[in-house]
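Since the structure comes first, as structure tokens, the remarks are kept for the end.
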Amino acid sequence: MTTTSPKAVRVRMAPSPTGPLHIGTARTSLYNFLVARHTGGTFVLRIEDTDVARGNEAYEREIIEGLHWLGLSWDEGPQVAGGDDIGPFGPYRQSQRMDRYAAEAERLLAAGSAYRCYCTPDELEAERREQQARREAPRYSGRCRKLSEEEREAFETEGRTSAIRFAVPPEKVVFDDIIRGRVEFDNALLGDFVIVRTDGMPLYNFVAVIDDAAMAISHVLRGEEHLSNTPKQIALYEALGYDVPLFGHVPLILNPDRSKMSKRKTQTAVSAYRGLGYLPEALVNFLAFLGWSPGTEEEIFSLDELASRFEIEKVHKAGAVFDADRLDYLNGTYVRSLGDEQLALRLRPFVPAVIDDAAIIRLVPLVRERLVRLADVVELASFLWEPDAVVASRYEAELLAPKGGGPAEAALALSRAREMVAELDAADFSADVLEDRFRAAAAELGIKPADLFKPNRVALTGRTVSPPLFASMELLGRDRCLARIDEALAKLQ
RNA sequence: GCCCCCAUCGUCUAGAGGCCUAGGACGCCACCCUUUCAAGGUGGAGAUCAGGGGUUCGAAUCCCCUUGGGGGCACCA
530 MTTTSPKAVR VRMAPSPTGP LHIGTARTSL YNFLVARHTG GTFVLRIEDT
580 DVARGNEAYE REIIEGLHWL GLSWDEGPQV AGGDDIGPFG PYRQSQRMDR
630 YAAEAERLLA AGSAYRCYCT PDELEAERRE QQARREAPRY SGRCRKLSEE
680 EREAFETEGR TSAIRFAVPP EKVVFDDIIR GRVEFDNALL GDFVIVRTDG
730 MPLYNFVAVI DDAAMAISHV LRGEEHLSNT PKQIALYEAL GYDVPLFGHV
780 PLILNPDRSK MSKRKTQTAV SAYRGLGYLP EALVNFLAFL GWSPGTEEEI
830 FSLDELASRF EIEKVHKAGA VFDADRLDYL NGTYVRSLGD EQLALRLRPF
880 VPAVIDDAAI IRLVPLVRER LVRLADVVEL ASFLWEPDAV VASRYEAELL
930 APKGGGPAEA ALALSRAREM VAELDAADFS ADVLEDRFRA AAAELGIKPA
980 DLFKPNRVAL TGRTVSPPLF ASMELLGRDR CLARIDEALA KLQ
């Protein structure tokens, strides 16, 4: 990394368990992971669960599971099973660090860098409305900042509870963002923001600073939506007497309309992609290239290869649209690159139990080149496990007919096939033999092979599109082929 | 409204002053292969580098302005 820091590289991901693992969080985590692996640094996982109202343990589990699934392993973080934390800077769950936050709030209070605010939500709301009416920026006036001792006591005896606000120094803040370059803000434009709520819960901008400092984070790499939080946090670092880390704000992932990627417009849950059968290596590869490129024409990279090439300084400034077509393409590429056993293993969760492991391996060659997502195996191969009646329920006379033909041509093709299948014993019932026989029959009948094949494809699978016919027949077996051809013939009566 | 950020084919991007009459990939369109669908192969359309000013012998690349887009302005993270 060219931005040399005297300290060792320590980066972190800090997801909040208020929802499923988001694609954007996954990509930011990936970038942090890649920086750590590229530099030999340390990757820390910290759970930001201070918002008890929205937080949820199930989400925490889901996020951790999703991160594992993607292969983003961390060096320090909370123990998953609820046991001890891993690493010297724990606990790594903010809900377990409350005493530290309280102590730091006290320090700030004592130093006069923070003060108690007794304003009620109604009062604040009224203040905001007035400001808006005057077309001013909505921000806290700071009136509790200069409360006298008597006024404070009056509020206390009145029974009012207080929040703690940070007295923002009205100065310009300049920092060199690793990705964006020099960025300037004027903190004089900011109101004093709350760092500890009335109910005692500390807030994000405050705890993130304390923890990043306590955990010796050297590079804070996060989403662009945090860019405007940075000057507030820098002011906090300084008031608290901490070293200010380096910041890098990665561009947003966008909906097709170029707004920030959101659930309403794009699927944002990593688990949803997993459920559809996207491979983690494909998703990682795809995400890595959303806002970064190694500058080569090569585009398929494993996590290790990405780690060796990744440079945070080369991450783009502009947002990138999430292009589902490209993800599909990459996924297909990864699926096709898998060996029989590997692909069978990945397919296992998508295929019913009646299809045993050995049968999945036999199925793999039929579907490999046709799968975009693993879940597509159902559409492609369900005829193998569907009862004959279900397949037959899809028959229609027009579907059964060969191109340009009618029921008569369909019946001819079907009955000829029935004869051939019937005279083959189980031992000879292979794709090769079937293909030879069928082609010979087509020649004998004086029809195009395709016209003999199509009615049988529909009869056997209930679909006009299927994996190669003869290999499908082999997997189906002689008896089921006969039964289905008979059903189709009956449909034509 | 205020603050901040951004800007190369529809999309992801290469490009760090001359190698650019802008390269690759996805998607799209043809054709080839082919029992359907895919996969694969070949070819094609597609970006006056948002617009306008500079700087320079020379700008997609540097500077300024405009326009457009986005993000943020919580007792959420």
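So the number in our numbering is just where the residue sits in the first sequence, counting from 1, plus 529. Built from N, CA and C at the ideal position, the CB exists for glycine as well.
| Beta bridge counterpart(s) of Leu574 as assigned by DSSP | Reading the first sequence from its first residue, position 45 is the one you call residue 574. Note: Leu574 sits in a beta bridge opposite Met542.
| query | How would you label Glu687, buried or exposed, when you count the other beta carbons within 10 angstroms and need 16 or more for buried? | reply | As a working mapping, residue 687 is identified with position 158 in the first sequence. With fewer than 16 Cβ atoms within 10 Å of its Cβ, Glu687 is classed as exposed.
| query | Would you report the Cα separation of Phe1028 and Ala798, rounded to the nearest angstrom? | reply | The question about residue 1028 has no answer here: the residues shown for the chain are numbered 530 through 1022.
| task | State yes or no: is the C-beta of Gly553 within less than 8 Å of the C-beta of Leu574? | result | Against the first sequence, residue 553 aligns to sequence position 24. Against the first sequence, residue 574 aligns to sequence position 45. The beta carbons of Gly553 and Leu574 sit no closer together than 8 Å.
| query | By a C-beta neighbour count over all protein chains shown, 10 Å radius and 16 as the cutoff for buried, is His845 buried or exposed? | reply | As a working mapping, residue 845 is identified with position 316 in the first sequence. It counts as exposed.
| request: Could you check how far apart the C-beta atoms of Ala1000 and Ala940 are, in whole angstroms? I think they sit under 8 Å. | output: Position 471 of the first sequence holds residue 1000. Position 411 of the first sequence holds residue 940. Actually they are not in contact, since the Cβ atoms of Ala1000 and Ala940 sit about 25 Å apart, beyond 8 Å.
| message | Quick test of your reading: Asp578 and Glu589, contact by CB under 8 Å. State the CB separation rounded to the nearest angstrom. | response | On the first sequence, position 49 is the one that residue 578 refers to. On the first sequence, position 60 is the one that residue 589 refers to. With 8 Å as the limit, Asp578 and Glu589 qualify as a contact, their Cβ atoms being about 7 Å apart.
| request: Using 10 angstroms around the beta-carbon of Leu859, count the other beta-carbons present and answer buried if the total reaches 16, otherwise exposed. | output: Working through the first sequence from its first residue, we reach residue 859 at position 330. Leu859 comes out buried.
| Cβ contact check for the region 937-953 and the region 883-892: 3 or more pairs under 8 Å | no
| Outcome for Val864 when other beta-carbon atoms lying within 10 angstroms are tallied against a minimum of 16 | In the first sequence, residue 864 corresponds to position 335, counting from 1. With 16 or more other Cβ atoms within 10 Å, it is buried.
| request: State the start and end residues of the unbroken beta strand (DSSP E) segment that holds Cys646. | output: Working through the first sequence from its first residue, we reach residue 646 at position 117. Annotation: the continuous beta strand (DSSP E) that includes Cys646 extends over 643-646.
| field | Identity of the residue in Arg657, Ala696, Asp715, Met627 nearest Val723 by Cα | value | Translated into the one-based positions of the first sequence, residue 723 becomes position 194. With distances taken between Cα atoms, Val723 lies closest to Ala696.
| field | Inter-residue CB distance, Ala873 and Gly806 (contact presumed, cutoff 8 Å) | value | Here residue 873 refers to the residue found at position 344 when the first sequence is read from its first residue. Here residue 806 refers to the residue found at position 277 when the first sequence is read from its first residue. Between Gly806 and Ala873 the Cβ distance is about 13 Å, and since that is not below 8 Å, they are no contact.
| field | Cβ neighbours of Ala565 in the same chain (closer than 7 Å, five flanking residues each side left out) | value | Residue mapping note: residue 565 aligns to position 36 of the first sequence, counting from 1. Answer for Ala565: Val538, Val540, Thr571, Phe572, listed in chain order.
| query | Is it right to say Pro774 is buried, meaning 16 or more other beta carbons lie within 10 angstroms of its own, or is it exposed? | reply | Looking up residue 774 in the first sequence gives position 245. Classification of Pro774: buried, given that the 10 Å Cβ count is 16 or more.
| said: Tell me which residues share the same chain as Pro881 and place their Cβ nearer than 8 Å to its Cβ, disregarding the 5 neighbours each side in the sequence. | reply: As a first step, residue 881 must be located in the first sequence, where it is residue number 352. These residues qualify, in order along the chain: Trp914.
| task | Quick one: grab the DSSP three-state call for Phe695. | result | The count along the first sequence starts at 1 and reaches residue 695 at position 166. Three-state DSSP puts Phe695 in a strand.
| 8 Å contact criterion, which Leu750 and Val779 should meet: CB distance rounded | The residue given as residue 750 occupies position 221 in the first sequence. The residue given as residue 779 occupies position 250 in the first sequence. Rounded, the Cβ-Cβ distance is 6 Å, consistent with contact.
| field | Gln623 burial status per 10 Å Cβ neighbour count (16 or more: buried) | value | As a working mapping, residue 623 is identified with position 94 in the first sequence. Per the 10 Å Cβ criterion, buried.
| said: So for Phe704, helix, strand or coil by DSSP? | reply: Here residue 704 corresponds to residue number 175 of the first sequence, with the count starting at 1. Of the three classes helix, strand and coil, the one that applies to Phe704 here is strand, per DSSP.
| Are the region 737-747 and the region 762-769 in contact at 8 Å, needing three or more beta carbon pairs? | yes
| task | Spell out the partners DSSP gives Val723 in its beta bridges. | result | Residue mapping note: residue 723 aligns to position 194 of the first sequence, counting from 1. DSSP lists Arg694 as partners of Val723.
| task | Pull up the distance between the alpha-carbon of Val907 and that of Leu928, whole angstroms please. | result | Residue mapping note: residue 907 aligns to position 378 of the first sequence, counting from 1. Residue mapping note: residue 928 aligns to position 399 of the first sequence, counting from 1. Looking at the two C-alpha atoms, the distance is approximately 21 Å.
| task | Could you tell me whether the region 648-663 touches the region 624-632, using the rule of 3 or more Cβ pairs below 8 Å? | result | The answer is no - the region 624-632 does not touch the region 648-663, with fewer than three Cβ pairs under 8 Å.
| Taking just the CA atoms, how far does Asn758 sit from Ile693? | Working through the first sequence from its first residue, we reach residue 693 at position 164. Working through the first sequence from its first residue, we reach residue 758 at position 229. Those two C-alpha atoms are separated by around 18 Å.
| field | Status (buried if at least 16 other CB within 10 Å, exposed otherwise) for Gly777 | value | Locating residue 777 in the first sequence gives position 248, where the first residue counts as 1. Counting Cβ neighbours within 10 Å, Gly777 comes out buried, since at least 16 surround it.
| query | Hey, out of Phe958, Leu765, Ala1017, whose CA is closest to Ser634's CA? | reply | As a first step, residue 634 is located in the first sequence; it is residue number 105 there, counting from the start. Checking the displayed sequence, the identity of residue 634 turns out to be Ala instead of Ser. Distance from the Cα of Ala634 is smallest, within the candidate group Phe958, Leu765, Ala1017, for Leu765.
| said: Quick check on the DSSP output: the alpha helix (DSSP H) that includes Leu781 runs from which residue to which? | reply: For the purposes of this step, residue 781 is taken as the residue at position 252 of the first sequence. From DSSP, Leu781 is part of no alpha helix (DSSP H); its letter is neither H nor E.
| request: Take the Cβ of Thr690 as the centre, count every other Cβ of all protein chains shown within 10 Å, and call the residue buried at 16 or more, exposed below. | output: Translated into positions along the first sequence, residue 690 becomes position 161. With fewer than 16 other Cβ atoms within 10 Å, it is exposed.
| said: Buried or exposed for Val919, going by 16 or more other Cβ atoms inside 10 Å? | reply: Within the first sequence, residue 919 is the residue found at index 390, counting from 1. Its Cβ having fewer than 16 others within 10 Å, Val919 is exposed.
| query | When you compare only the Cα positions, how much space is there between Ala542 and Val725? | reply | By one-based count along the first sequence, residue 542 stands at place 13. By one-based count along the first sequence, residue 725 stands at place 196. Note that residue 542 is Met in the sequence shown here, rather than Ala. Cα to Cα, the separation comes out at about 23 Å.
| task | Would you please state the rounded distance, in angstroms, between the beta carbons of Leu943 and Gly600? I believe it to be under 8 Å. | result | Walking along the first sequence from the start, residue 943 turns up at place 414. Walking along the first sequence from the start, residue 600 turns up at place 71. About 50 Å separates the two Cβ atoms, so there is no contact after all.
| For Leu732 and Arg664, the rounded distance between their alpha carbons | Against the first sequence, residue 664 aligns to sequence position 135. Against the first sequence, residue 732 aligns to sequence position 203. Computed Cα separation, rounded: 28 Å.
| said: With a threshold of 8 Å on Cβ separation, who are the neighbours of Ala991 within its own chain once the five nearest residues in sequence on each side are excluded? | reply: Working through the first sequence from its first residue, we reach residue 991 at position 462. Sequence check: residue 991 is Gly here, not Ala. Excluding positions up to five away in sequence, the list reads Phe912, Glu915, Val919, Val920, Ala921, Ser922, Arg923, Tyr924.
| For Gln661, does the count of other Cβ atoms within 10 angstroms reach 16, so buried, or fall short, so exposed? | Counting from 1 along the first sequence, the entry for residue 661 is found at position 132. Label assigned to Gln661: exposed.
| field | Rounded C-alpha distance that separates Leu718 from Gly671 | value | Counted from its first residue, the first sequence places residue 718 at position 189. Counted from its first residue, the first sequence places residue 671 at position 142. Going from the Cα of Leu718 to the Cα of Gly671 covers about 12 Å.
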